[in-house]
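Q: Questions regarding the structure given below will be posed in turn.
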Amino acid sequence: MLKFSNQAEVVAAIAQPNIKNLYIHLARLTLMITLYTTPPLWGLPSLTPACMKLETWLRMAKVLYKIDTEFDMTLAPKGKIPFIEYKGKLIGDSTLIIEMFKQKEGIDLDQELTPTERAISLAFRRMIKENIYWGLVHIRYNIEKNWRVYRDVLGTMLSMETPVPENEPMIESIFQTAQTQMYNHGMGRHNDQEISQLITADFQALSDFLGDKPFFMGDKPTTLDATAYAYIGNCIKPPLGHPIVDYVLKLDNLCQHCERMTEQFFSDIKLCH
Numbered sequence: 011m012l013k014f015s016n017q018a019e020v021v022a023a024i025a026q027p028n029i030k031n032l033y034i035h036l037a038r039l040t041l042m043i044t045l046y047t048t049p050p051l052w053g054l055p056s057l058t059p060a061c062m063k064l065e066t067w068l069r070m071a072k073v074l075y076k077i078d079t080e081f082d083m084t085l086a087p088k089g090k091i092p093f094i095e096y097k098g099k100l101i102g103d104s105t106l107i108i109e110m111f112k113q114k115e116g117i118d119l120d121q122e123l124t125p126t127e128r129a130i131s132l133a134f135r136r137m138i139k140e141n142i143y144w145g146l147v148h149i150r151y152n153i154e155k156n157w158r159v160y161r162d163v164l165g166t167m168l169s170m171e172t173p174v175p176e177n178e179p180m181i182e183s184i185f186q187t188a189q190t191q192m193y194n195h196g197m198g199r200h201n202d203q204e205i206s207q208l209i210t211a212d213f214q215a216l217s218d219f220l221g222d223k224p225f226f227m228g229d230k231p232t233t234l235d236a237t238a239y240a241y242i243g244n245c246i247k248p249p250l251g252h253p254i255v256d257y258v259l260k261l262d263n264l265c266q267h268c269e270r271m272t273e274q275f276f277s278d279i280k281l282c283h
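Right, here's the structure in full:
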């Protein structure tokens, strides 16, 4: 794991040809962490909402990190991504990682919020993570034309690590796991129209709360902005058609928020389309 004692050393290191995927955003910590995530796609930092949320938060918090998109999933502490390596330890779950930085490094993007504002932020973040997420899974996995597109994306990602003939059973396993998880959560027990009704109501609530503010809690971005940005972006940017997507595209303030976050926190890197 790389360590730097000052900003000059970081700038010197990033110029070295053997330092790949090293992102610096006026780093707050001198300790480099590794972020295990999915690659950028469709104009997004990551094609996985939770991964994009965490990477956005790291940039907002000015935490120095490097990206690893080619890794052994058996290393993932929670059996899912994202996860990080921090001081030689692997830590999973984006929410728990953010809390860890708050406790161990004193980094709190929500420190200026009142208790009431913190409660509102938490409620919206839970809604996004526990409800909107499953709407996005539905769009990618349950709509046949979209699944064909996303299946090809998964195949390309898997081919980086495994021979092509082995990809098919892995993709099928991913698909079946998504179906099982959706059903167990409850979202998978609804039909397409019912899911659309539930998820568009969630996005409408986000839009109503954002109003004409630049960020959800006011003039400064907070953890809620990192979370909302990741899920809004992963709804409207991929080339996947659905009434939920059409609905969100008409919520101008959410779309503008997405562009605002990209410009402020990811203008320094070229996102794949």
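Quick note: the sequence shown uses my numbering, first residue 11, plus one each step. Glycine included, every Cβ here is placed at the ideal spot set by N, Cα and C.
Got a sec? Which residues, its chain only, sit under 7 Å from isoleucine 153 by beta carbon, not counting five neighbours each side?
A: Taking the sequence shown and counting its residues from 1, the one referred to as residue 153 is at position 143. Only His252 meet the Cβ criterion.
Q: Which stretch, first to last residue, makes up the alpha helix (DSSP H) that contains glutamate 154?
A: Position 144 of the sequence shown holds residue 154. Glutamate 154 -> alpha helix (DSSP H) spans 154-169.
Q: Is the beta carbon of valine 163 closer than 8 Å to that of leucine 57?
A: On the sequence shown, position 47 is the one that residue 57 refers to. On the sequence shown, position 153 is the one that residue 163 refers to. Contact: yes.
Q: Determine the direct distance from the alpha carbon of leucine 41 to that of glutamate 80, and round the result to whole angstroms.
A: Sequence index remark: in the sequence shown, residue 80 carries index 70 (1-based). Sequence index remark: in the sequence shown, residue 41 carries index 31 (1-based). Computed Cα separation, rounded: 22 Å.
Q: For leucine 261, which of helix, strand or coil comes out of DSSP?
A: Indexing the sequence shown from 1 puts residue 261 at position 251. Coil, per DSSP.
Q: CB isoleucine 246 to CB cysteine 268, shorter than 8 Å?
A: By one-based count along the sequence shown, residue 246 stands at place 236. By one-based count along the sequence shown, residue 268 stands at place 258. Yes, the pair counts as a contact, with Cβ atoms nearer than the cut-off.
Q: Output the distance between the C-alpha atoms of glutamate 115 and methionine 62, rounded to the nearest integer angstrom.
A: Within the sequence shown, the letter at position 105 stands for residue 115. Within the sequence shown, the letter at position 52 stands for residue 62. Near 21 Å, if we compare the C-alpha coordinates of methionine 62 and glutamate 115.
Q: Here's the rule I'm using: 16 or more other beta-carbon atoms within 10 Å means buried, otherwise exposed. How should alanine 236 be labelled?
A: Residue 236 sits at position 226 when you count from the first residue of the sequence shown. Buried, because 16 or more other Cβ atoms sit within 10 Å of the Cβ of alanine 236.
Q: Are glycine 102 and lysine 90 close, meaning C-beta to C-beta below 8 Å?
A: Locating residue 102 in the sequence shown gives position 92, where the first residue counts as 1. Locating residue 90 in the sequence shown gives position 80, where the first residue counts as 1. Yes. Within cutoff.
Q: What's the call for serine 131, buried or exposed, on a 16-neighbour Cβ count within 10 Å?
A: As a working note, residue 131 is residue 121 in the sequence shown. Label assigned to serine 131: buried.
Q: When you compare only the Cα positions, how much space is there between alanine 240 and glutamate 176?
A: Reading the sequence shown from its first residue, position 230 is the one you call residue 240. Reading the sequence shown from its first residue, position 166 is the one you call residue 176. If I take the Cα positions, the gap works out to 31 Å.
Q: If you reduce the DSSP assignment to three classes, tell me which class lysine 114 lands in.
A: Taking the first residue of the sequence shown as 1, we reach residue 114 at position 104. Lysine 114: helix per DSSP, three-state reduction.
Q: Under three-state DSSP, which class holds glycine 198?
A: Within the sequence shown, residue 198 is the residue found at index 188, counting from 1. In this structure, glycine 198 counts as helix in the three-state DSSP scheme.
Q: Once you ignore the five residues that flank phenylalanine 185 on each side, which residues in its own chain have a CB closer than 7 Å to its CB?
A: Start at 1 with the first residue of the sequence shown, and residue 185 comes out as number 175. Correct list, in chain order: Tyr151.
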